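**Q** Chains as they are written, first to last, in this note's numbering: chain A, 73 to 268; chain B, 77 to 475. Just so it is clear, CB atoms sit at the ideal spot from N, CA and C, and this is done for glycine as well. Because the structure is a prediction, the values reported are computed rather than measured. One structure, as structure tokens, below. Some questions next.
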Amino acid sequence: MKHKYLVGLFDDEEPLLVATKKIRKAGYRMKEIFTPFPVHGLDEAMGLQDTRLHTIGFVIGACGTLFAIGMMGFITAVDWPINVGGKPFFAFPSFVPITFELTVLFASVGMTVIFYLRNGFSVFKDPEIVDPRITDDRFAMVFCMKKYGDRQGQIEDLLKKTGAVEVKERYLEEELPDNLFKSDKEYFESLEKAHH
Amino acid sequence: MSENFTMPARHKTWSILLLIVGLILCGVGIFANLDSPARIWTAWLYNNFFFLSIGLVATFFIASQTLGYNGWYVLIKRVAEGMMMYVPIGAVLMIPILVFGLHDIFHWTHSELYDPNDPHYDRILDSKSFYLNVPFFYVRSLLYIVLWAGFAWLLRKNSLLSDKNPDIKVYNRSKVLSSFFVLVFGVSSSTAAWDWLMSIQPHWYSTLFGWYCFISTFVTCMAVIILFTIYLKKLGYLKQVNQEHFHDLGKLMFAFSVAWAYLFFSQFMLIWYSNIPEETMYYKLRIEHYDYIMYACVMLNFVTPFFVLITRGAKRKMNVLAIACIIIIFGHWLDYYQMAMPAALDAAHLQPASIGLLEIGFALAYVGLFTFIVFHQLAKAPLIQENHPFVRESMVHHT
């Protein structure tokens, strides 16, 4: 079963930001926007919720901290105590560097894995790309046609009017993962606030 | 766009009142400690050096941002410049301390330590005397004072010139000045910390002491910039400064708080682990009598800012930031106390002291003086530098 998407391609970030806000104001929610580089302010323009990735990073990092202290404490103070230079068996200061390293390792690896899982990436298969030029110089705004199938024509017009250089249909084998949007009320309030 | 600041009369009264109250407390403290001049001079020295360093790091902040072609900071540049103009005053205030308090603060200046026939002869200090001798010490101190004050004055003059002169040459000159200042600062910030703080305990040395002091004051400088900016915003100035600027300043403050903890711990752990007497004496002295201050420093300078500022939201809320800033400034002030006072009292064979009227008095007086000078300087020129090529970038700044 193929999934149908409508893709609008933009050639620069400024028109993209303006178009995103206009399309959101017209009442449509894009499924996803693909850009060749991080575009500042795009999350706000799309009305995405703040990412939860850093919370996950903190939690996994804290797990790493506890794991490191627990492991070294168990080894050096409980399981096999050795007197090193007259220091106490549970010599906390000497644990700190390794605790720090394990915290960083846990947080970074954990965040990467969660990021991959959440976005449906895998090292074992090539991802489906809506258009190869999004890795080069194009910005692709994608709409889900399962949701907006009856209004495809209106969205195409809107994309062209807001500066898309190309609009096309695209069928993907797999569904794109969902983004978490703010509620419309919250989004328009945040736009108002940014405006003043 | 041009916005001029006038110091509210209320603020003028407050800062002068703070200065007077501080001086009175100080006077009481001095009378109570007349028998221990080492404490009086050291309290003055570390307070003066602390506030001087804040101004100095503000200069470094401007210079490094200029060299990095950074645009985001331009709206708050004048705040940092106001702090920078404290440098000449703080540097000049260093002179009476170093001239009259030299023998009371610095044990190594006593001449009997260098006489092989004297029972007090100190072989270690004698071997260090090629660097630690009074004439060279004065030459270095004078160099710092002249260079720092000179560069602060030149950078400020150049910045004021750009208000009237739209020529890009003015901006280019600020780059040249900044690069020379960064060179000077890179060396002198370390050596000044050795000379004025580390040499209070001359047998002990730590190779990262200079960076430790620099980072300590860098965090404080960020905190002070944030506090002044928040204050100006609450008065209705600097409308274009938004939460994005606070977010960036908060990020710097957070990152350097962690860097402070890194250096603090690096210094501590190596000494603790290797357990060599002439190194451990630094911590022995502090852990025996000043342990609560050391642990308070770790709590105030690392643990609190780490957990308060770790979320994105906290760095974007002015009230949370302001509280964190006040905690951080107090914490680093304690840290400077902890670096200077224990050794000076020990060398003068005095009882371990604590934070008393003397230290609080000096601190209040300096806070009054510092804020007065910053606001006085802010009132002198437009609040946002005119004709800076990156002004627009700072106004549309977002993360």
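#1: Give, in chain order, every unbroken run of the alpha helix (DSSP H) that is at least 4 residues long and sits entirely within the segment 309-355 of chain B.
#2: Quick one: what's got a C-beta closer than 6 angstroms to N463(B)'s C-beta in the same chain, skipping five residues either side?
#3: Check whether the segment 298-307 of chain B and the segment 319-326 of chain B touch, using three or more Cβ-Cβ pairs below 8 angstroms as the test.
#4: Just to confirm the assignment: which complete alpha helix (DSSP H) runs, minimum length 4, are found wholly within the segment 168-246 of chain A?
#5: Kindly indicate which three-state DSSP category Y77(A) falls into: helix, strand or coil?
#6: Strictly below 9 angstroms CB to CB, what residues from chain B border P165(A)?
#7: Just curious, the alpha helix (DSSP H) that E116(A) is in, first and last residue?
#8: Cβ atoms of L143(B) and S250(B): under 7 angstroms apart, would you say?
#9: Mind checking the segment 375-390 of chain B against chain E and listing, in chain order, the residues whose C-beta falls within less than 9 angstroms of any C-beta there?
#10: Should R115(B) be labelled buried (16 or more other beta-carbon atoms within 10 Å of its own) or exposed?
#11: Can you find a CB in chain A that lies within less than 7 angstroms of the CB of H474(B)?
#12: Taking the alpha carbon of R101(A) as the reference point, which residue from T127(A), D250(A), P165(A), K265(A) has its own alpha carbon closest?
#13: Are the segment 154-167 of chain B and the segment 185-200 of chain B touching by the rule of at least three beta carbon pairs closer than 8 angstroms?
#14: Mind checking if H112(A) is an interface residue toward chain B, Cβ cutoff 7 angstroms exclusive?
#15: For V210(B), collect the residues of the same chain with a Cβ closer than 6 angstroms to its Cβ; drop the 5 residues on either side in sequence, then sort them by chain order.
#16: I need the DSSP call for F253(A), collapsed to helix, strand or coil.
#17: In this structure, does DSSP put P458(B) in helix, strand or coil?
#18: For V168(A), which residues in chain B fall below 8 angstroms Cβ to Cβ?
#19: Suppose the cutoff is 8 angstroms on Cβ atoms and the five residues either side in sequence are ignored; what does the same chain contact list for A98(A) look like?
#20: In the structure shown, what three-state DSSP assignment does E104(A) receive?
#21: Going by DSSP in three states, F257(B) sits in which element: helix, strand or coil?
#22: Rounding to the nearest angstrom, what Cα-Cα distance links I171(B) and E364(B) in this structure?
#23: Please classify A420(B) as buried or exposed, where buried requires at least 16 neighbouring CB atoms within 10 angstroms.
#24: Around the C-beta of E258(A), are 16 or more other C-beta atoms found within 10 angstroms, so that it is buried, or is it exposed?
#25: Is the segment 408-418 of chain B in contact with the segment 279-299 of chain B, if contact means three or more CB pairs nearer than 8 angstroms?
#26: Which residues in the same chain have their Cβ closer than 6 angstroms to the Cβ of Y442(B), if we skip the five residues on either side of it in sequence?
#27: Determine whether the beta carbon atoms of A212(A) and F106(A) lie at a separation below 7 angstroms.
#28: Taking G129(A) as the query, report the chain B residues whose CB atoms sit under 7 angstroms from its CB, ordered along the chain.
#29: Bridge partners of N80(B), per DSSP?
#30: In three-state DSSP terms, what is F206(B)?
#31: Grouping DSSP H, G and I as helix and E and B as strand, with all else coil, what is F182(B)?
#32: So L385(B) and F332(B) are in contact, right, with Cβ under 8 angstroms, and what is the actual spacing, rounded?
#33: Please compile the residues from chain B whose C-beta is within a distance smaller than 8 angstroms of the C-beta of D122(A).
**A** Well, looking at it:
#1: As far as the segment 309-355 of chain B is concerned, its whole alpha helix (DSSP H) runs of at least 4 residues are 319-350.
#2: Within the second sequence, the letter at position 387 stands for residue 463(B). Excluding sequence neighbours, N463(B) sits near S238, P242.
#3: yes
#4: Fully enclosed alpha helix (DSSP H) runs of 4 or longer: 217-220, 224-233.
#5: Start at 1 with the first residue of the first sequence, and residue 77(A) comes out as number 5. Y77(A): strand per DSSP, three-state reduction.
#6: As a working mapping, residue 165(A) is identified with position 93 in the first sequence. Neighbours of P165(A) on chain B, chain order: F341, F344, M345, W348, Y349.
#7: Position 44 of the first sequence, counted from the first residue, corresponds to residue 116(A). Run containing E116(A): 114-118, per the alpha helix (DSSP H) assignment.
#8: Position 174 of the second sequence, counting from 1, holds the residue named residue 250(B). Position 67 of the second sequence, counting from 1, holds the residue named residue 143(B). Not a contact, by the Cβ cut-off of 7 angstroms.
#9: Absent from the structure: chain E. Protein chains present are A and B.
#10: Here residue 115(B) is taken as the residue at index 39 of the second sequence, counted from 1. Taking a 10 Å sphere around the C-beta of R115(B), we find 16 or more other C-beta atoms and assign the residue as buried.
#11: Here residue 474(B) refers to the residue found at position 398 when the second sequence is read from its first residue. It does: the Cβ of H474(B) has a partner Cβ on chain A nearer than 7 angstroms.
#12: Counting from one through the first sequence, the residue named residue 101(A) turns up at place 29. For the residues T127(A), D250(A), P165(A), K265(A), the minimum Cα distance to R101(A) belongs to D250(A).
#13: no
#14: Taking the first residue of the first sequence as 1, we reach residue 112(A) at position 40. Chain B, which has a Cβ nearer than 7 angstroms to the Cβ of H112(A), makes this yes.
#15: Numbered from its first residue, the second sequence carries residue 210(B) at position 134. Counting only Cβ-Cβ distances below 6 angstroms, and skipping sequence neighbours, we find T185.
#16: Stepping through the first sequence from its first residue, residue 253(A) is reached at position 181. F253(A) falls in the strand class under three-state DSSP.
#17: Counted from its first residue, the second sequence places residue 458(B) at position 382. Looking at P458(B) - three-state DSSP - the assignment turns out to be strand.
#18: The residue labelled residue 168(A) in the question sits at position 96 within the first sequence. Result: F341, M345.
#19: Taking the first sequence and counting its residues from 1, one reaches residue 98(A) at position 26. L230, listed in sequence order.
#20: On the first sequence, residue 104(A) is found 32 positions in, with the first residue counted as 1. E104(A): strand per DSSP, three-state reduction.
#21: On the second sequence, position 181 is the one that residue 257(B) refers to. In this structure, F257(B) counts as helix in the three-state DSSP scheme.
#22: For this step, residue 171(B) is matched to residue 95 along the second sequence. For this step, residue 364(B) is matched to residue 288 along the second sequence. C-alpha of I171(B) to C-alpha of E364(B): approximately 33 angstroms in a straight line.
#23: Within the second sequence, numbered from 1, the residue matching residue 420(B) stands at position 344. By the 10 Å Cβ count, A420(B) comes out buried.
#24: As a working mapping, residue 258(A) is identified with position 186 in the first sequence. Under a 10 Å Cβ-count criterion, E258(A) is classified as exposed, with fewer than 16 other Cβ atoms of the shown protein chains found around its own Cβ.
#25: Output reads yes: the segment 279-299 of chain B touches the segment 408-418 of chain B.
#26: Sequence index remark: in the second sequence, residue 442(B) carries index 366 (1-based). Same-chain partners within the cutoff: N123, F127.
#27: Here the question's residue 212(A) lines up with position 140 in the first sequence. Here the question's residue 106(A) lines up with position 34 in the first sequence. The Cβ-Cβ distance between A212(A) and F106(A) falls below 7 angstroms.
#28: Sequence index remark: in the first sequence, residue 129(A) carries index 57 (1-based). In chain order: nothing, as chain B lies at least about 10 angstroms away.
#29: The residue labelled residue 80(B) in the question sits at position 4 within the second sequence. Beta-bridge pairing links N80(B) to P458(B).
#30: Working through the second sequence from its first residue, we reach residue 206(B) at position 130. The answer is coil: DSSP assigns F206(B) none of H, G, I, E or B.
#31: As a working note, residue 182(B) is residue 106 in the second sequence. F182(B) falls in the coil class under three-state DSSP.
#32: Here residue 385(B) is taken as the residue at index 309 of the second sequence, counted from 1. Here residue 332(B) is taken as the residue at index 256 of the second sequence, counted from 1. At roughly 11 angstroms, the Cβ-Cβ gap does not stay under 8 angstroms, so L385(B) and F332(B) are not in contact.
#33: Position 50 of the first sequence, counted from the first residue, corresponds to residue 122(A). Ordered by position in chain B, the residues that pass the 8 angstroms Cβ test against D122(A) are R388.
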